[in-house]
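Visitor: Following this message is one structure expressed as structure tokens.
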Amino acid sequence: MWTLVSRGWGCARTLARWATGAALGPAPTFGAAPESWPTYRVYSSAEFKEKLDMSRFPVENIRNFSIVAHVDHGKSTLADRLLELTGTIDKTKNNKQVLDKLQVERERGITVKAQTASLFHNCEGKQYLLNLIDTPGHVDFSYEVSRSLSACQGVLLVVDANEGIQAQTVANFFLAFEAQLSVIPVINKIDLKNADPERVENQIEKVFDIPSDECIKISAKLGTNIESVLQAVIERIPPPKVHRKNPLRALVFDSTFDQYRGVIANVALFDGVVSKGDKIVSAHTQKTYEVNEVGVLNPNEQPTHKLYAGQVGYLIAGMKNVTEAQIGDTLYLHKQPVEPLPGFKSAKPMVFAGMYPVDQSEYNNLKSAIEKLTLNDSSVTVHRDSSLALGAGWRLGFLGLLHMEVFNQRLEQEYNASVILTTPTVPYKAVLSSSKLIKEYREKEITIINPAQFPDKSKVTEYLEPVVLGTIITPDEYTGKIMMLCEARRAVQKNMIFIDQNRVMLKYLFPLNEIVVDFYDSLKSLSSGYASFDYEDAGYQTAELVKMDILLNGNTVEELVTVVHNVKAYRKNVLAKCYGGDITRKMKLLKRQAEGKKKLRKIGNVEVPKDAFIKVLKTQSSK
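Start counting the sequence shown at 114; every next residue gets the next number (our numbering).
If you want it as structure tokens, here you go:
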């Protein structure tokens, strides 16, 4: 052991922190004698690597868990406190959203990308490896949550002690329940003036059938009772069921792209061992790679010699092409093939929009940026598209409007790309009416993601629109107004439950296009911000749909085309002010209107500058 001596506590503390990787206690009192200063062991390079030997953690001492919650119920704050308590990071006032690494996350105060951290915790003389995954809370990013849960055996379900159960709380619970994970309810923000943890306990027991005495009451902001959370993780979440002696089976549940090192794959090992130098094969592409680096996230990358079954970490193997890192893929050792893991259901886009570069000379740069960003966000779908007005571009599919906004913001911030987004739309279906059309399209039922390609009624037997099952949780005083809003959006009520004396849970079947743009804002406005909303895919239903064209100089402007529900042709009612009177008066007004239209067709030819056209599209997408 070496003794670390320094005249300044800051220097000693920094070097000791770097050398040991451990969180240090508070600095000694100013003026204290040097002999009272603490000493720290400084490991040599070989000793340091041995200290992080992951074989020291047997399977029974491993816990893999996620934190799930509704938006702004304190997931990231709880993650910060767990990192501090286990010594993973120093305890400072600056620890806010430590795992939220993206600029867009810090600006918006939300989590959009699941993040992993390996925590080392000593409990009753045993050293535990706790793999924590912090997940998003907004409905648009539920795909991130479902992927994260595949690497876990349990979840911390965080509920605000003031707001109680919200729509995304219910959705996240059932994701964990369907995955057969252990659920630990955590009631956060008990320090708030209006906190009512007993009421929330009763809600949890009624809605989720979890006994109230299993709830843990904490204040993540103040650090109150956080030790009980760690204790519950160890006692109530089972270790992973894996086999280290079997051949390697690793699930790729997430990935990021580094321009110098290529793809960094987040993996959960279900069987075997992987180490630097191993040759591995992708079950999806059948390509072989050599492992350049393996390690854990602590929360930053910490290389290790090996990763063992039951552990969660990262792997770099020279994958340079964005198509090589398939989320849900199984990796195995060369010449030791295994049965692939189930993987994930593909993310289903709910909203589509056209994306074009502001200047066509930036097309290739934008193409590269989209490819790299879609590797980090595999739920985005990309199809090539083109426009007479805007040139070459893409038709992108997103999980929701917020998802689209975040993707656009990340393009601007991380890749300095400036883009034009067209009006968002939803995917419709049409059942073709003739064998000739079926032969042309090669299928009877086609999906339309671009409104400009919406087929005429003469070509189809019926149109289908996507529907979702929406969950609304609101104080009962706003129930009447919200029910009127839902009916105005063509929704059909399916259920209504009182979760306590003051809160109601409503279930409605919504046409997706009725909620995709401004429904959430209207709901928040009607309920003074107290109602929450979540939805899940519920398939398609028959609908009366028409394509609404916007003409300029008699020509359709494809970028402004939209699909609407049974809208009638509109014209100015020039007879509105005629109450009775001679029929000739009415005929005179109608004739004057017809002459005006004829004159407009004759002389009304205008040119629209491209910048004015772009402003129209930007105004629409910002509404």
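All C-beta atoms, glycine included, are put in the ideal place defined by N, C-alpha and C.
1. Assuming contact is defined by CB atoms lying nearer than 8 Å, are GLY426 and TYR469 in contact in what I supplied?
2. Tell me the rounded alpha-carbon separation between GLY193 and THR669.
3. Helix, strand or coil: how does DSSP classify TYR469 here?
4. CA-CA distance, ASP203 and LEU196?
5. Determine the DSSP secondary structure at LYS660, reduced to helix, strand or coil.
6. Are the CB atoms of VAL387 and LYS354 within a distance shorter than 8 Å?
7. Beta strand (DSSP E) containing GLY510: first to last residue?
8. For ARG374, collect the residues of the same chain with a Cβ closer than 6 Å to its Cβ; drop the 5 residues on either side in sequence, then sort them by chain order.
9. Measure from the C-beta of HIS418 to each C-beta in chain C and report whether the shortest distance is under 8 Å.
10. Who are the near neighbours of THR538 in its chain, counting only those whose CB is closer than 6 Å to its CB and skipping five residues on each side?
11. Could you pull the start and end residues of the alpha helix (DSSP H) that SER332 belongs to?
12. Taking 8 Å as the limit between beta carbons, can you name the residues of its chain near GLU173, skipping five residues before and five after?
13. Give a yes or no on whether the C-beta atoms belonging to ILE586 and SER645 are separated by under 8 Å.
14. My assumption, with CB atoms under 8 Å, is that ASN301 sits in contact with ILE331. Please give the rounded CB distance.
15. Where do the N-terminal and C-terminal ends of the beta strand (DSSP E) with CYS236 fall, by residue?
16. With a CB to CB cut of under 6 Å and the five nearest residues on each side skipped, what residues in its chain are close to GLU314?
17. Checking the sheet assignment: what are the DSSP bridge partners for HIS496?
18. From which residue to which residue does the alpha helix (DSSP H) around ALA192 run?
19. To which residues of the same chain is LYS206 closer than 6 Å at the C-beta, ignoring the five residues directly before and after it?
20. For ASP371, which of LEU501, VAL365, LYS433 has the nearest alpha-carbon?
21. Does the Cβ of ALA289 lie closer than 7 Å to at least one heavy atom of the ligand ADP?
22. Determine the DSSP secondary structure at GLU672, reduced to helix, strand or coil.
23. Just how far apart, CA to CA, sit ILE610 and LYS620?
24. From this set, ILE393, SER481, TYR421, PHE366, which residue's C-alpha is nearest ALA530's C-alpha?
25. Would you call the CB atoms of PHE321 and PHE366 closer than 8 Å?
26. Go through its chain and collect everything with a Cβ distance to CYS599's Cβ below 6 Å, but skip five positions before and after it.
27. Where does the unbroken beta strand (DSSP E) through ASP273 begin, and where does it stop?
28. List the DSSP bridge partners of GLU257.
29. Quick check on PRO351: does DSSP put it in helix, strand or coil?
Guide: On the basis of the data shown:
1. Your numbering for residue 426 matches position 313 in the sequence shown. Your numbering for residue 469 matches position 356 in the sequence shown. No, Cβ-Cβ distance for GLY426 and TYR469 is not below 8 Å.
2. Counted from its first residue, the sequence shown places residue 193 at position 80. Counted from its first residue, the sequence shown places residue 669 at position 556. According to the sequence as given, residue 193 is Asp; it is not Gly. Cα to Cα, ASP193 sits roughly 54 Å from THR669.
3. Taking the sequence shown and counting its residues from 1, the one referred to as residue 469 is at position 356. Three-state DSSP puts TYR469 in a strand.
4. Here the question's residue 203 lines up with position 90 in the sequence shown. Here the question's residue 196 lines up with position 83 in the sequence shown. Approximately 8 Å between the Cα atoms of the pair.
5. Residue mapping note: residue 660 aligns to position 547 of the sequence shown, counting from 1. In this structure, DSSP gives LYS660 an extended state, which the three-state scheme calls strand.
6. Numbered from its first residue, the sequence shown carries residue 354 at position 241. Numbered from its first residue, the sequence shown carries residue 387 at position 274. Cβ distance not < 8 Å, so LYS354 and VAL387 don't count as in contact.
7. Translated into positions along the sequence shown, residue 510 becomes position 397. In this chain, the beta strand (DSSP E) harbouring GLY510 covers 504-511.
8. Taking the first residue of the sequence shown as position 1, residue 374 is located at position 261. Taken in chain order, the residues that qualify are ILE429.
9. The structure shown contains no chain C; it holds only a single protein chain.
10. Indexing the sequence shown from 1 puts residue 538 at position 425. Excluding sequence neighbours, THR538 sits near PHE465, PRO564.
11. Within the sequence shown, the letter at position 219 stands for residue 332. Secondary structure note for SER332: it is in no alpha helix (DSSP H), with a DSSP letter that is neither H nor E.
12. Within the sequence shown, numbered from 1, the residue matching residue 173 stands at position 60. Taking GLU173 as the centre and dropping the five residues before and after it, the same chain places the C-beta of PRO352 closer than 8 Å to its C-beta, in chain order.
13. Within the sequence shown, the letter at position 473 stands for residue 586. Within the sequence shown, the letter at position 532 stands for residue 645. The beta carbons of ILE586 and SER645 sit closer together than 8 Å.
14. Working through the sequence shown from its first residue, we reach residue 301 at position 188. Working through the sequence shown from its first residue, we reach residue 331 at position 218. Cβ-Cβ separation between ASN301 and ILE331: approximately 6 Å, consistent with a contact (criterion under 8 Å).
15. Residue numbering aside, residue 236 sits at position 123 when the sequence shown is read from its first letter. If you look at CYS236, you'll find it in the beta strand (DSSP E) that goes 228-236.
16. Taking the sequence shown and counting its residues from 1, one reaches residue 314 at position 201. Excluding residues up to 5 positions away in sequence, SER325, CYS328 lie with their Cβ nearer than 6 Å to the Cβ of GLU314 in the same chain.
17. Walking along the sequence shown from the start, residue 496 turns up at place 383. ARG508, per the DSSP bridge assignment.
18. Translated into the one-based positions of the sequence shown, residue 192 becomes position 79. 188-198 is the span of the alpha helix (DSSP H), which, as asked, contains ALA192.
19. If you number the sequence shown from 1, residue 206 lands on position 93. Cβ within range, chain order: n/a, list empty.
20. Within the sequence shown, residue 371 is the residue found at index 258, counting from 1. In terms of CA proximity to ASP371, LYS433 leads the group LEU501, VAL365, LYS433.
21. As far as ligands go, the structure on display features none, and thus does not contain the ligand ADP.
22. Position 559 of the sequence shown, counted from the start, is the residue given in the question as residue 672. Helix, per DSSP.
23. Within the sequence shown, numbered from 1, the residue matching residue 610 stands at position 497. Within the sequence shown, numbered from 1, the residue matching residue 620 stands at position 507. Rounded to the nearest angstrom, the two C-alpha atoms are 9 Å apart.
24. The count along the sequence shown starts at 1 and reaches residue 530 at position 417. Nearest C-alpha to ALA530: SER481.
25. The residue given as residue 321 occupies position 208 in the sequence shown. The residue given as residue 366 occupies position 253 in the sequence shown. PHE366 sits away from PHE321, with the two beta carbons spaced by 8 Å or more.
26. Mapped onto the sequence shown, residue 599 falls at position 486. Hits under 6 Å: TYR621.
27. Here the question's residue 273 lines up with position 160 in the sequence shown. Secondary structure note for ASP273: its beta strand (DSSP E) is the uninterrupted segment 267-273.
28. Indexing the sequence shown from 1 puts residue 257 at position 144. DSSP output for GLU257 lists no bridge partner at all.
29. The sequence position of residue 351 within the sequence shown is 238, counting from 1. DSSP, reduced to helix, strand and coil, places PRO351 outside both helices and strands of the structure shown, so it counts as coil.
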